[in-house]
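Student: Numbering (the numbering used here), first residue to last: 960 to 1137. Take a look at this one; I'll ask things after.
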Amino acid sequence: MTAKLDKTDTPFETVDAIEAYLQETATMPMEEPGLFELEHGLQCAAELEACAPDDIELQIAGLVHDICHGRCHIRVHDRVGAGAVRAVLGDRVAELVGLHVAAKRYLVATDRSYAARLSPISKTSLDLQGGAMTQEEISAFEKHPLAQEAMLLRMADEAAKTPGRIVPGLDHWRGALR
C-alpha cells in the first residue's frame, strides 16, 4: 500500500505507511484556521503525554485520531480512522480513535462548560456528527470500558488547536508507534 489512504479507505498495512501518511499531513490544512493535520495530531499526543504519561496507546491514539479526517466525511472519520489503523496499532488504539467523536457528543451532553469551550469548527462538526447524545446514548457510552480514556482523548483533541505551538515532532513518537 502507498502512504496515501485511497477513497476505499484501505487500512494501513505497516507502521511505515502510517508514518509516511502522517508526514504528508504536515501540509494538509484543517478547518481550524492556520492549523495542519500533523500539527494537530502532535499537539493532541503531547497533551495526552502530559496528562497520562504511562498510557502510550492513548498518546498514539491522540497522534492518529484524525488520520482519516481529510479522506472521508466528518461524520464517519472516527470509524473509518479506527478501521484504518486497527491492524497495525491494535484494538485499543483503534477503539479510542473510533470513540473520540462519541466522547465529544457525550461531553457536550453532560458538561455545559465543555460545550462552551468548543471551537467554532467543533461546534459545526458536532451538528454533522449527531449533536449532543441522548440519555440512552449517554448510558451506553458510560458503560464502555474505554469511556474515561476516550474523554481524555477528546479533551486533548480540543486543546490541540494552536497554530505554531511547539511540541515534540514525529521523531519523538517513532518508538511508541513501533
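Beta carbons: idealized from backbone N, C-alpha and C, even for Gly. Being a predicted model, the structure only gives us computed values, none of them experimental.
1) Can you name, in chain order, every residue of its own chain whose Cβ lies under 7 angstroms from the Cβ of Leu1111, other than the five neighbours on each side?
2) For Gln1107, which residues from the same chain have a beta carbon less than 7 angstroms from its beta carbon, with the 5 sequence-adjacent residues on both sides left out?
3) Inspect the beta-carbon positions of Phe1100 and Ala1074 and report whether they are closer than 8 angstroms.
4) Give a yes or no on whether the C-beta atoms belonging to Lys1063 and Arg1113 are separated by under 8 angstroms.
5) Am I right that Val1044 and Ile977 are in contact with their C-beta atoms under 8 angstroms? What's the rounded C-beta distance?
6) Distance, Cα to Cα, Asp1130 vs Ala979?
7) Quick one: Cα of Asp1116 to Cα of Asp1037, how far?
8) So Leu994 and Pro1104 are supposed to be a Cβ contact under 8 angstroms. How far apart are they, rounded?
9) Considering Cys1027, what are the terminal residues of the alpha helix (DSSP H) in which it resides?
10) Quickly, what does DSSP pair Phe995 with across the bridge? List them, please.
11) Is the CB-CB distance between Asp1025 and Gly1040 below 8 angstroms?
Tutor: According to the structure data:
1) In the sequence shown, counting from the first residue as 1, residue 1111 sits at position 152. Correct list, in chain order: Leu1007, Cys1010, Ala1011 and Leu1017.
2) Indexing the sequence shown from 1 puts residue 1107 at position 148. Counting only Cβ-Cβ distances below 7 angstroms, and skipping sequence neighbours, we find nothing.
3) Locating residue 1100 in the sequence shown gives position 141, counting from the first residue. Locating residue 1074 in the sequence shown gives position 115, counting from the first residue. No; because the gap between Cβ atoms is not below 8 angstroms, this pair is not in contact.
4) As a working note, residue 1063 is residue 104 in the sequence shown. As a working note, residue 1113 is residue 154 in the sequence shown. Closer than 8 angstroms, so yes.
5) Indexing the sequence shown from 1 puts residue 1044 at position 85. Indexing the sequence shown from 1 puts residue 977 at position 18. In this structure, Val1044 and Ile977 form a Cβ contact; the two beta carbons are roughly 7 angstroms apart against a cut-off of 8 angstroms.
6) Start at 1 with the first residue of the sequence shown, and residue 1130 comes out as number 171. Start at 1 with the first residue of the sequence shown, and residue 979 comes out as number 20. Their backbone Cα atoms lie some 12 angstroms apart in a straight line.
7) For the purposes of this step, residue 1116 is taken as the residue at position 157 of the sequence shown. For the purposes of this step, residue 1037 is taken as the residue at position 78 of the sequence shown. Cα-Cα distance, rounded: 13 angstroms.
8) Numbered from 1 along the sequence shown, position 35 holds the residue referred to as residue 994. Numbered from 1 along the sequence shown, position 145 holds the residue referred to as residue 1104. 31 angstroms between Cβ atoms; not a contact.
9) The residue labelled residue 1027 in the question sits at position 68 within the sequence shown. Counting along the chain, Cys1027 falls outside any alpha helix (DSSP H), and DSSP gives it neither H nor E.
10) Stepping through the sequence shown from its first residue, residue 995 is reached at position 36. Answer is Pro988.
11) In the sequence shown, residue 1025 corresponds to position 66, counting from 1. In the sequence shown, residue 1040 corresponds to position 81, counting from 1. With respect to the 8 angstroms criterion, Asp1025 and Gly1040 are classified as neighbours on the basis of their beta carbons.
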